Every structure is written in C-alpha cells, then in structure tokens.
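Student: Quick one: the structure is below, and I'll ask about it shortly.
Number of protein chains: 2
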Amino acid sequence: MIKPRTPPGVMELLPPDQIAFQRMLDTIRRNFERFGFLPVETPVMELSEVLLTKSGGETERQVYFVQSTGALEKSGEGMPELALRFDLTVPLARYVAEHEHELAFPFRRYQMQRVYRGERAQRGRFREFYQCDIDVIGKDALSVRFDAELPAVIHAVFSELDIGAFTIQLNNRKLMRGFFEAQGVADGELQALVLREVDKLDKRGEDYVRETLTGEGFNLPAEGVEKILDFVKVRSTSHADAMAKLDALGEGSQSLREGVAELREVLELVRALGVPEANYALNFSIARGLDYYTGTVYETTLNDYPQIGSICSGGRYENLASHYTKSKLPGVGISIGLTRLFWQLREAGLLGKATGSTVQAMVALMDGESLPDALDIARRLRSAGINTEMQMEARKIGKQFQYASRAGIRFVVLTGEDERARGVVAVKDLLREEQFEVARDELASTLRVELEQAQALAGR
Amino acid sequence: MIKPRTPPGVMELLPPDQIAFQRMLDTIRRNFERFGFLPVETPVMELSEVLLTKSGGETERQVYFVQSTGALEKSGEGMPELALRFDLTVPLARYVAEHEHELAFPFRRYQMQRVYRGERAQRGRFREFYQCDIDVIGKDALSVRFDAELPAVIHAVFSELDIGAFTIQLNNRKLMRGFFEAQGVADGELQALVLREVDKLDKRGEDYVRETLTGEGFNLPAEGVEKILDFVKVRSTSHADAMAKLDALGEGSQSLREGVAELREVLELVRALGVPEANYALNFSIARGLDYYTGTVYETTLNDYPQIGSICSGGRYENLASHYTKSKLPGVGISIGLTRLFWQLREAGLLGKATGSTVQAMVALMDGESLPDALDIARRLRSAGINTEMQMEARKIGKQFQYASRAGIRFVVLTGEDERARGVVAVKDLLREEQFEVARDELASTLRVELEQAQALAGR
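Respectively, the protein sequence lines represent chains A and B. Numbering of the first sequence is given in my numbering, commencing with residue 1 and proceeding in unit increments. Numbering of the second sequence is given in my numbering, commencing with residue 461 and proceeding in unit increments.
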C-alpha cells in the first residue's frame with residue numbers, strides 16, 4: 001500500500017475550491033477576450049536548447065528537466081533534451097518567432113497555463129502555478145497607445161473578480177532613467193543597485209537607505225540622495241494630480257522628457273477607456289525587471305491588503321525574441337499569478353463563500369419505480385440548460401436534502417406518486433428556504449428564470 | 461540565434477485553430493457540468509513512487525521523469541523522484557484515496573488536462589495530449605444505473621460538438637466471459653489471447669482468424685470457433701433489436717446472465733434518459749482493457765468515419781484505488797482524447813470552417829483625432845459584453861477591413877467626422893456583407909441582437 005499524496009509545492013483543490021478557481025479563470029479569460037486578445041496554448045515541454053537561451057541565471061537553476069525512461073537510461077553528461085517552461089514569456093517569444101509569417105501584427109494574445117519552477121519548498125511558494133498573461137507584440141514598432149489598453153483590461157478583470165478595491169500603479173523606465181541620470185547615477189548597473197537599496201525603504205526605513213547611499217560604496221551626494229528619496233515616494237491621488245506630478249518633474253534630459261510624454265499619453269488614454277481615476281495612480285518607486293522593461297511598467301495592489309503585494313504586473317519591452325529572430329518585436333504585457341493569488345485570497349478569507357456548486361438542481365429519488373420518471377425530469381432540465389445531478393439510488397429523503405445542501409446545490413426536485421398523479425413536481429429552493437409546486441411542463445422554465453435572476457443579481 | 465521550434469509529438473495551434481479547439485473544450489465541459497460532474501485538476505507532476513505502482517508495463521516505459529537542476533546534479537542510480545502523469549485515471553485514484561473523507565460518494569468528477577507519454581515520434585501520435593475524462597466513483601458499491609448515465613453524457617457532448625452521426629457501442633465483460641466459458645475458453649488469459657486474434661478480423665479476414673483458433677496453439681473445436689466468430693459480429697440495429705439479441709443468448713452461466721441483466725438495465729435507462737436509439741447499439745466485439753474493466757464497456761465511433769476508430773471509450777471497473785487505500789472504490793468512466801480527435805477531424809476536413817474569431821467587433825481608426833471617440837465606442841461595446849478589438853493606429857481603411865475579414869471578425873465599426881456630427885456610427889457586417897448606420901447609443905444593443913440571433917441559429 002502506497003500513501004496517496006502530492007509532491008510539495010503544488011496546489012490541489014477539493015471540488016468547491018476548484019469551482020471557485022475555475023470561475024476566476026473563466027472571468028479572466030472572458031475579459032481578455034472582451035478586449036480582443038486571442039488564445040494561445042504552448043506545450044509544457046520545450047526543447048532545453050530553445051528554452052534556456054540565457055545561461056546561468058536564477059531561472060535556469062530552477063528549471064525542471066524532463067527525460068523519458070529511455071533517455072534516462074542513456075543519459076550521459078550534457079543537458080537533457082527537454083525542460084518544463086518556467087514562464088509564459090519565453091514560450092511566447094519562441095511562438096511568435098516561429099509563426100512570425102502566419103500572425104497578424106500587432107498581435108494580441110492571451111495565455112493561461114501552468115508554469116514550473118524548482119523553488120525552495122515553503123508555505124505559499126509554488127513549484128507549479130497558473131500564469132494568466134496578455135501581451136501585444138508589434139513588428140518593428142508598437143505605439144505607446146497599446147500601453148494604455150492593458151490597464152483597461154486589468155481594471156475589467158479585477159472589477160469582475162470582485163476581490164476588493166485595487167490600484168493599478170504606473171511608472172516609466174525612461175522617466176526613471178532620466179531622473180537618476182540627473183542625480184549623477186548615469187550607469188545602468190549603478191541605477192539597479194541604487195534601486196535595490198531604495199526597495200528596502202519599507203523594511204529598513206529611510207535612515208538606513210540614506211546612510212547606505214551616502215556612505216562608502218555608493219558615495220552619492222547627500223542632496224541627490226534626498227531627491228531620490230523624495231522621488232520614489234511620489235504617488236498620485238487623482239488624474240489631475242498625476243498630471244501635476246509629471247509637470248513638476250520639469251524639463252530634464254531627453255530620456256526624462258520621453259518618459260513623461262509616454263506616461264502622459266498613457267494616462268490620458270486610460271481615462272478615455274473609462275478606467276475610473278480611483279483605480280490608477282503614478283508610483284515612481286516601481287521598477288520591475290530592470291534588464292527587461294524599457295518603458296511603461298505596471299503593478300496592481302489591493303488597497304486593503306498591501307501585504308499581498310502586486311497581483312498583476314508587467315510592462316513595455318524593447319524586443320521580445322532577439323534569441324530566435326532578427327525581426328524586432330517590441331511588446332507590452334502583464335501577468336497574473338493566479339495560483340498564488342487564489343492561495344492568498346483564501347488565506348485572507350477573501351474568497352466568496354456563497355459561490356455555490358456548478359450543479360444547479362438535483363432530482364431526488366423517492367423509490368425505484370420513480371426512476372424512469374425522475375430521469376425524464378432530469379433530461380428536461382438539462383435540455384433547458386440547467387446543470388442537473390440525478391440521484392440514481394433511493395435513499396432517505398432527509399439524507400438527499402442534506403447532501404444537496406452540503407454540496408451547495410440550490411434546487412431539489414421531488415416527484416412522488418401523488419405529484420405524478422397531479423402532473424406536478426415539488427421543488428425545494430435551498431437558497432430561499434422555501435418549497436413550492438410547479439406543473440411538470442413548467443419546471444425547467446421556472447428554474448431557469450430563478451437562476452437567471454440570481455445571476456443578474458450577482459452582476460454577471 | 462536559435463531556431464524557434466517545438467519538440468516532436470506536441471500539437472501547437474495558430475489562434476484560429478486554438479479558438480476552434482477551445483470551443484470544443486468548452487462544449488465538453490459545459491455538458492460534463494450539465495450532468496452534475498464536478499471539476500478536478502491535479503498537478504502534472506506526481507511522485508514517481510505514487511504514480512508508478514504497477515511496475516514494468518508498457519506505460520512505465522513511456523513515462524517522463526522530471527528533475528530540477530539540483531536533483532540532476534546529485535542524481536545517482538534509482539528512479540527520479542517526480543514523473544509526469546501519463547493518464548488521468550491514476551491521478552484520480554490517488555486523489556480519491558487521498559481525499560476519501562472529504563468527498564461525497566458517489567463522486568462524479570470531470571477532469572480535462574494534458575497527459576504525457578514518451579511515444580515513438582510518428583504522424584498523429586502525440587507525446588502531450590488532452591484527455592477529457594468523467595468518472596463516477598462509489599464507496600463499497602455503485603449501482604449499474606450509473607453505467608447508463610455515461611452514454612447520455614456522451615450523446616450530449618457529441619451532439620453539440622456537431623461532428624457527424626455517431627454510435628455509442630456497448631458490451632459487457634461479464635457477458636463476454638460467460639459466453640467464452642461456454643465455448644470452453646474459461647481461462648482469463650486464454651480469453652485475452654482469443655480476443656486478440658478476433659481483433660484481427662478486419663485486417664486479416666475471417667479465414668485467417670478461423671485457422672489460427674482451430675490450428676495448433678489454440679486448438680479450439682471448430683464448432684466453438686464458429687460460435688465465437690458469430691458472436692463477435694453481433695451489432696444491434698435498434699433498441700428492440702438489442703433486446704432481442706440479448707434474449708437470443710439464452711440462459712447460460714451465471715456470469716452470462718449477470719452480464720445480460722446489466723446490459724438490459726443499462727439500455728433501458730439509456731433510453732429513459734432520452735438518448736435516441738440511432739445513437740447506441742450492442743457490439744459484442746468490444747473488449748477494451750481486459751485486465752481493468754469488469755462490466756459495461758463503451759466505444760464511440762463516427763458512422764461516416766469508422767477509420768478514425770473510437771473517439772470516446774471507457775467502462776466499469778471493480779476497484780479504483782487498491783494501491784492507495786483498503787476502501788473498495790468501484791467506478792465507471794469514459795475518456796475523450798481530444799488532441800488526437802481534433803487532429804483527426806482537421807485531417808478529415810471535418811472542422812467547421814466558419815467558426816469565426818472570438819473577436820466579434822473591431823473599431824476602426826480613421827485618424828488620430830478620432831482616437832478618444834473610438835476608445836469610447838470600444839468601451840461601450842465591451843460593457844455590453846461584445847468582444848471588441850481596437851485599432852490603435854490609423855491605417856488605410858481598406859487595410860483595416862482586410863485585416864478584420866482575414867481575422868474572422870464580423871463587425872467593423874467606423875466613426876468619421878461626418879458620423880460624429882450626426883451622432884451615428886457606420887457598421888460593416890462582414891458576414892452579411894452589408895453596411896448600415898446606427899445611432900451611437902444604439903450601437904451596442906443592435907450588435908448584441910445580431911450576435912445573439914447568430915448564436916441561436918448555430919444552436920447554442
């Protein structure tokens with residue numbers, strides 16, 4: 001006998017949670033499609049040579065290699081031929097480069113699949129997790145206007161997910177670069193080091209960061225450090241405030257001016273796309289992957305749960321697939337790490353409890369003779385589009401109600417001898433806690449109306 | 461520069477095909493849920509020790525093992541710790557045994573995920589493919605009535621997938637066993653060998669099989685062999701004919717009688733569930749995995765494309781999870797191998813061509829000044845639930861129409877200076893090939909009505 005168990009670092013759910021998770025996936029997908037993004041799925045296994053174009057990074061150390069039994073027996077030194085994808089960006093780059101001549105650009109794609117990382121086993125860290133990504137890829141060039149579409153998608157997704165107030169925070173790498181250059185931090189690597197220190201503001205406090213940056217090693221002038229500390233604290237409180245804060249940066253270098261112009265255009269279009277100004281803000285501390293993003297960068301946080309961190313991040317990049325093609329493919333994208341988000345929402349008690357089952361009605365079975373009749377009722381309900389479970393074996397009716405109630409099924413349909421004689425069925429509505437009778441022929445339409453009302457009330 | 465490519469044996473699709481594939485997945489899921497099946501997802505990686513309980517089989521030789529970089533460096537002899545699932549049945553067994561006390565039985569679950577097998581690379585053979593499974597698992601016992609639900613689900617799925625006439629073929633392992641025993645083929649292994657020969661009827665012809673079974677090696681009596689050859693040719697042509705063919709088997713052994721009684725009950729309930737008799741039939745040649753199934757067995761074939769083989773198979777098994785728990789967990793299940801089915805349908809030209817994009821409307825952009833206005837129109841369409849793509853950059857209008865047409869987008873919305881002045885928008889319907897004007901405020905509702913009509917016509 002072998003103990004049934006899953007490997008550490010994976011999230012496996014019981015059906016009620018799986019239903020909640022699936023509803024989140026569906027909501028995200030529906031909104032991605034609403035904005036015209038097209039679906040892509042890629043294989044979980046890629047050729048190692050194709051997947052691992054950059055060598056020696058953190059990512060590569062976390063990669064999972066795949067070998068069939070045969071390959072394992074023959075395995076000599078070198079790297080195994082296959083590996084599991086560790087994100088959806090590298091597969092996107094490979095996909096776009098491979099199918100370059102079959103795709104129309106700008107290419108809007110969404111992809112919602114699992115990725116794999118050999119993380120250290122730790123609570124809340126996952127080795128297998130869903131990423132829900134959208135990207136717009138241009139050929140040769142891609143207007144900054146596209147950078148404004150993504151906040152509109154994020155707004156649509158998180159409004160419908162209904163997990164509380166959220167803010168999409170925006171910054172721009174060119175603006176940052178221009179600002180840091182003006183403070184004498186011109187070198188890219190030095191900027192990265194300074195930003196890493198600045199990132200410790202929350203944990204170590206302002207004094208610590210100030211001392212580090214003015215102290216040995218960095219040796220930055222005190223005045224410049226004060227400016228940097230003021231800069232990274234900038235948050236806008238409204239659309240007008242965001243514009244004013246951009247104005248306040250003044251003229252500066254070309255890089256700064258470009259960044260300001262881009263952010264200005266993005267913010268105007270985000271507003272034109274109907275995103276309420278409460279849902280977006282400037283945040284000059286946001287940097288994201290420094291060696292990757294080149295323009296707009298995004299993070300999204302839940303206003304009441306800042307400790308959860310960013311729930312949707314991304315930005316603009318210069319060239320998606322330089323390892324695979326000579327074509328220049330600039331793009332902008334965002335990613336939602338859904339497994340981690342789901343886990344955090346559940347930990348914080350933020351998952352809607354009354355989501356209910358996918359099963360909407362259950363046909364109870366009173367006795368063996370009623371079976372053909374009960375099956376016919378189930379058939380009619382299903383034909384009307386109602387998800388219906390059939391009790392195939394007669395049990396005590398109390399047990400059947402208890403089962404339906406625990407399973408989160410709303411309607412229990414009963415048909416005894418008496419009801420059959422009168423051409424009706426009895427229905428127990430476990431949500432409203434009431435019982436009623438309805439003509440057999442009207443059962444399906446009656447339940448449909450009730451279910452559609454409930455859906456409309458839930459705002460879907 | 462690395463050549464962008466996928467490993468052999470995986471199916472990667474361009475967006476139009478991915479949309480068609482996703483619609484098939486959605487249809488299957490919708491129908492699984494319609495019958496009250498609950499969603500389960502399991503991790504793609506399982507502990508090898510848990511996954512590979514039976515040793516040395518064909519399956520094990522095809523298994524993919526997974527190792528992180530660290531594990532790879534340390535790897536000594538033994539089996540790697542992790543492996544990719546090769547089907548959804550073993551993970552189901554592990555899941556049900558692991559969560560036994562948290563699940564309600566009978567447990568109806570569906571699972572639609574990819575599985576991995578190190579198959580020989582060959583056209584139409586996949587190393588990564590989707591399986592779409594449903595199973596009902598009982599605790600201690602499970603009424604044969606559940607065996608009748610699965611054909612009803614299969615019927616609902618394939619009717620809605622709309623890929624042509626199909627027949628769900630049924631047989632019963634007890635009936636087969638009883639029949640073979642009566643012909644002097646009592647031993648289980650011998651039965652398996654005889655069935656393997658019988659399986660060659662189509663390819664090698666009746667004479668070849670007759671000679672083999674009467675010849676050296678098998679040495680079966682000629683009369684018995686004739687009976688076997690007649691038996692495996694039995695196909696029913698209607699519900700009444702199926703019943704008559706069961707009657708014609710006579711009394712026989714207990715095993716035969718049990719099998720006949722089970723099939724009779726299943727057929728009656730399949731009819732009560734509203735499955736048309738044209739869609740199911742007895743077929744006494746169907747055996748399926750001989751060491752696994754113990755009662756009802758199913759195969760489903762497309763009437764006009766028998767060469768595609770079974771598109772949905774399964775059956776009744778005695779005990780799901782004997783490797784993981786002492787509890788007896790009988791079950792019945794079926795599986796659709798969607799990747800292979802999709803590939804075959806595409807090869808046979810059976811995929812609907814006019815499926816269209818997920819994108820329903822495109823807002824064209826005439827000039828830069830129209831952008832805020834065009835974004836507002838896009839916002840309104842999306843709020844009304846219409847999937848809308850926005851042209852972010854003004855191009856020649858002919859190019860924009862061409863793009864929409866190639867992408868399978870039905871409506872192109874145009875708003876020029878003239879239209880704006882009159883409070884209208886122009887709409888080109890690429891499906892009906894007509895252009896019309898509509899008041900701005902009525903655009904979304906007008907398109908919605910058109911789209912809903914088209915959906916109703918398509919029968920969804």
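The beta-carbon is built from N, C-alpha and C at its ideal position, and this holds for glycine as well. Please read these numbers as outputs of a predicted model, since none were measured by experiment.
Residues of chain B with CB under 7 Å from Gly274 (chain A), in chain order?
Tutor: The sequence position of residue 274 (chain A) within the first sequence is 274, counting from 1. Going along chain B in sequence order, the residues near Gly274 (chain A) (Cβ under 7 Å) are Arg839.
Student: By alpha-carbon positions, which one of A:Gly423, A:Arg395 and A:Leu431 ends up nearest to Ala361 (chain A)?
Tutor: Position 361 of the first sequence, counted from the start, is the residue given in the question as residue 361 (chain A). With distances taken between Cα atoms, Ala361 (chain A) lies closest to A:Leu431.
Student: Measure the Cβ-Cβ separation of Glu389 (chain A) and Val427 (chain A) and say whether it is below 7 Å.
Tutor: On the first sequence, position 389 is the one that residue 389 (chain A) refers to. On the first sequence, position 427 is the one that residue 427 (chain A) refers to. Cβ distance not < 7 Å, so Glu389 (chain A) and Val427 (chain A) don't count as in contact.
Student: Roughly how many angstroms lie between the CA atoms of Asn31 (chain A) and Leu142 (chain A), to the nearest whole one?
Tutor: For the purposes of this step, residue 31 (chain A) is taken as residue 31 along the first sequence, with counting starting at 1. For the purposes of this step, residue 142 (chain A) is taken as residue 142 along the first sequence, with counting starting at 1. So the alpha carbons of these two residues sit roughly 22 Å apart.
Student: Ends of the beta strand (DSSP E) at Thr760 (chain B)?
Tutor: Here residue 760 (chain B) refers to the residue found at position 300 when the second sequence is read from its first residue. From DSSP, the beta strand (DSSP E) with Thr760 (chain B) extends over Tyr753 to Leu762.
Student: Give me whichever residues DSSP pairs with Asp390 (chain A) in a beta bridge.
Tutor: Sequence index remark: in the first sequence, residue 390 (chain A) carries index 390 (1-based). The sequence shown places Met at residue 390 (chain A), not Asp. Looking at the DSSP assignment, Met390 (chain A) forms a beta bridge with A:Val363.
Student: One question on the structure: do Tyr668 (chain B) and Thr799 (chain B) come within less than 7 Å of each other, judged by their Cβ atoms?
Tutor: Counting from 1 along the second sequence, the entry for residue 668 (chain B) is found at position 208. Counting from 1 along the second sequence, the entry for residue 799 (chain B) is found at position 339. No, these two residues do not count as a Cβ contact at 7 Å.
Student: Just by C-beta distance, which residues in the stretch 864 to 884 of chain B are closer than 9 Å to chain A?
Tutor: For the stretch 864 to 884 of chain B, which is checked against every Cβ of chain A, the residues closer than 9 Å are Arg866, Ala867 and Ile869.
Student: Closest to Gln915 (chain B) by C-alpha separation, out of B:Leu762, B:Gln482 and B:Gly816, would be which residue?
Tutor: By one-based count along the second sequence, residue 915 (chain B) stands at place 455. For the residues B:Leu762, B:Gln482 and B:Gly816, the minimum Cα distance to Gln915 (chain B) belongs to B:Gly816.
Student: Give the DSSP bridge partners of Ile168 (chain A), in chain order.
Tutor: Taking the first residue of the first sequence as 1, we reach residue 168 (chain A) at position 168. Looking at the DSSP assignment, Ile168 (chain A) forms a beta bridge with A:Tyr280 and A:Thr300.
Student: Output needed for Asp827 (chain B): all residues of its chain with C-beta closer than 6 Å, excluding positions within five of it in sequence on either side, in chain order.
Tutor: What you label residue 827 (chain B) is simply residue 367 of the second sequence in a count that begins at 1. Excluding residues within five positions, the ones whose Cβ falls inside 6 Å are Ala854.
Student: How is Met572 (chain B) classed by DSSP in three states: helix, strand or coil?
Tutor: Locating residue 572 (chain B) in the second sequence gives position 112, counting from the first residue. In the structure shown, Met572 (chain B) sits in a strand (DSSP, three-state: E or B).
Student: Just checking my contact of Glu722 (chain B) with Asn632 (chain B) at CB under 8 Å: how many whole Å lie between their CB atoms?
Tutor: In the second sequence, counting from the first residue as 1, residue 722 (chain B) sits at position 262. In the second sequence, counting from the first residue as 1, residue 632 (chain B) sits at position 172. Right, their Cβ atoms sit about 6 Å apart.
Student: Would a check of beta-carbon distances place Leu350 (chain A) closer than 7 Å to chain B?
Tutor: The residue you call residue 350 (chain A) lines up with position 350 of the first sequence. Judged by the 7 Å Cβ criterion, Leu350 (chain A) is not in contact with chain B.
Student: Secondary structure at Asp595 (chain B), three-state DSSP: helix, strand or coil?
Tutor: As a position in the second sequence, residue 595 (chain B) is number 135, starting the count at 1. Strand.
Student: Mind checking if Gln478 (chain B) is an interface residue toward chain A, Cβ cutoff 7 Å exclusive?
Tutor: Working through the second sequence from its first residue, we reach residue 478 (chain B) at position 18. For Gln478 (chain B), the answer is yes, since a Cβ of chain A falls inside 7 Å of its Cβ.
Student: What residues in the stretch 29 to 45 of chain A bring their beta carbon closer than 8 Å to a beta carbon of chain B?
Tutor: So the close ones are Glu33, Arg34, Phe35, Gly36, Leu38, Pro39, Val40, Glu41, Thr42, Pro43, Val44 and Met45.
Student: Quick one: grab the DSSP three-state call for Arg583 (chain B).
Tutor: Position 123 of the second sequence holds residue 583 (chain B). Of the three classes helix, strand and coil, the one that applies to Arg583 (chain B) here is coil, per DSSP.
Student: Quick one: what's got a C-beta closer than 6 Å to Phe65 (chain A)'s C-beta in the same chain, skipping five residues either side?
Tutor: If you number the first sequence from 1, residue 65 (chain A) lands on position 65. Once the five neighbours on either side are set aside, the close Cβ partners of Phe65 (chain A) are Pro80 and Ala83.
Student: In chain order, what residues of the same chain lie with their CB nearer than 6 Å to the CB of Met505 (chain B), ignoring the 5 residues before and after it?
Tutor: Looking up residue 505 (chain B) in the second sequence gives position 45. Cβ within range, chain order: Val526 and Leu542.
Student: Taking Asn739 (chain B) as the query, report the chain A residues whose CB atoms sit under 7 Å from its CB, ordered along the chain.
Tutor: For the purposes of this step, residue 739 (chain B) is identified with residue 279 of the second sequence, where counting begins at 1. The premise fails here: Asn739 (chain B) is roughly 14 Å from chain A at the closest Cβ pair, so nothing lies under 7 Å.
Student: Anyone know if the C-beta pair for Gln111 (chain A) and Leu88 (chain A) falls short of 7 Å?
Tutor: In the first sequence, counting from the first residue as 1, residue 111 (chain A) sits at position 111. In the first sequence, counting from the first residue as 1, residue 88 (chain A) sits at position 88. For Gln111 (chain A) and Leu88 (chain A), yes; Cβs fall inside 7 Å.
Student: Give the C-beta separation of Ile746 (chain B) and Val730 (chain B) to the nearest angstrom, bearing in mind that I take them to be a contact with Cβ-Cβ under 8 Å.
Tutor: Along the second sequence, read from residue 1 onward, the residue named residue 746 (chain B) stands at position 286. Along the second sequence, read from residue 1 onward, the residue named residue 730 (chain B) stands at position 270. Ile746 (chain B) to Val730 (chain B), Cβ: 16 Å. No contact.
Student: Against Gln482 (chain B), what residues of chain A qualify as contacts under a CB-to-CB distance less than 7 Å, listed in chain order?
Tutor: By one-based count along the second sequence, residue 482 (chain B) stands at place 22. Per Cβ cutoff of 7 Å: Pro39.
Student: By the 10 Å Cβ neighbour count, where 16 or more other Cβ atoms means buried, how is Ala242 (chain A) classified, buried or exposed?
Tutor: As a working note, residue 242 (chain A) is residue 242 in the first sequence. With 16 or more Cβ atoms within 10 Å of its Cβ, Ala242 (chain A) is classed as buried.
Student: For chain B, find out if any of its Cβ atoms is closer than 7 Å to the Cβ of Glu389 (chain A); answer yes or no.
Tutor: Within the first sequence, the letter at position 389 stands for residue 389 (chain A). Chain B contact via Cβ: present.
Student: Tell me, to the nearest whole angstrom, how far the beta carbon of Val260 (chain A) is from that of Leu175 (chain A); I am working on the premise that it is less than 8 Å.
Tutor: Locating residue 260 (chain A) in the first sequence gives position 260, where the first residue counts as 1. Locating residue 175 (chain A) in the first sequence gives position 175, where the first residue counts as 1. Correct: roughly 6 Å between the Cβ atoms.
Student: How about Val96 (chain A) and Ala248 (chain A): do their beta carbons lie closer than 7 Å?
Tutor: Taking the first residue of the first sequence as 1, we reach residue 96 (chain A) at position 96. Taking the first residue of the first sequence as 1, we reach residue 248 (chain A) at position 248. For Val96 (chain A) and Ala248 (chain A), no; Cβs fall outside 7 Å.
Student: Which residue spans inside the stretch 223 to 247 of chain A form an unbroken alpha helix (DSSP H) run of at least 4?
Tutor: DSSP runs (the alpha helix (DSSP H)) wholly in the stretch 223 to 247 of chain A: 239 to 247.
Student: Closest Cβ-Cβ distance between Ile857 (chain B) and chain A: below 7 Å?
Tutor: Taking the first residue of the second sequence as position 1, residue 857 (chain B) is located at position 397. It does not; no Cβ of chain A falls within 7 Å.
Student: Counting only Cβ pairs nearer than 9 Å, list the residues of chain A close to Ser787 (chain B).
Tutor: Locating residue 787 (chain B) in the second sequence gives position 327, counting from the first residue. Chain A residues near Ser787 (chain B): none, gap ~11 Å exceeds 9 Å.
Student: Check Arg806 (chain B) in the structure and name its three-state DSSP category.
Tutor: If you number the second sequence from 1, residue 806 (chain B) lands on position 346. Helix, per DSSP.
Student: Determine, for His783 (chain B), whether the minimum Cβ-Cβ distance to residues of chain A falls below 7 Å.
Tutor: For this step, residue 783 (chain B) is matched to residue 323 along the second sequence. Chain A, which has a Cβ nearer than 7 Å to the Cβ of His783 (chain B), makes this yes.
Student: Under 7 Å, do Val198 (chain A) and Val232 (chain A) count as touching if we go by C-beta distance?
Tutor: As a first step, residue 198 (chain A) is located in the first sequence; it is residue number 198 there, counting from the start. As a first step, residue 232 (chain A) is located in the first sequence; it is residue number 232 there, counting from the start. A contact, by the Cβ cut-off of 7 Å.
Student: Going by C-alpha distance, which of A:Phe35, A:Gln18 and A:Val10 is nearest Ala844 (chain B)?
Tutor: Numbered from its first residue, the second sequence carries residue 844 (chain B) at position 384. Nearest C-alpha to Ala844 (chain B): A:Phe35.
Student: For Ser445 (chain A), does the count of other Cβ atoms within 10 angstroms reach 16, so buried, or fall short, so exposed?
Tutor: Counting from 1 along the first sequence, the entry for residue 445 (chain A) is found at position 445. Ser445 (chain A) should be labelled exposed.
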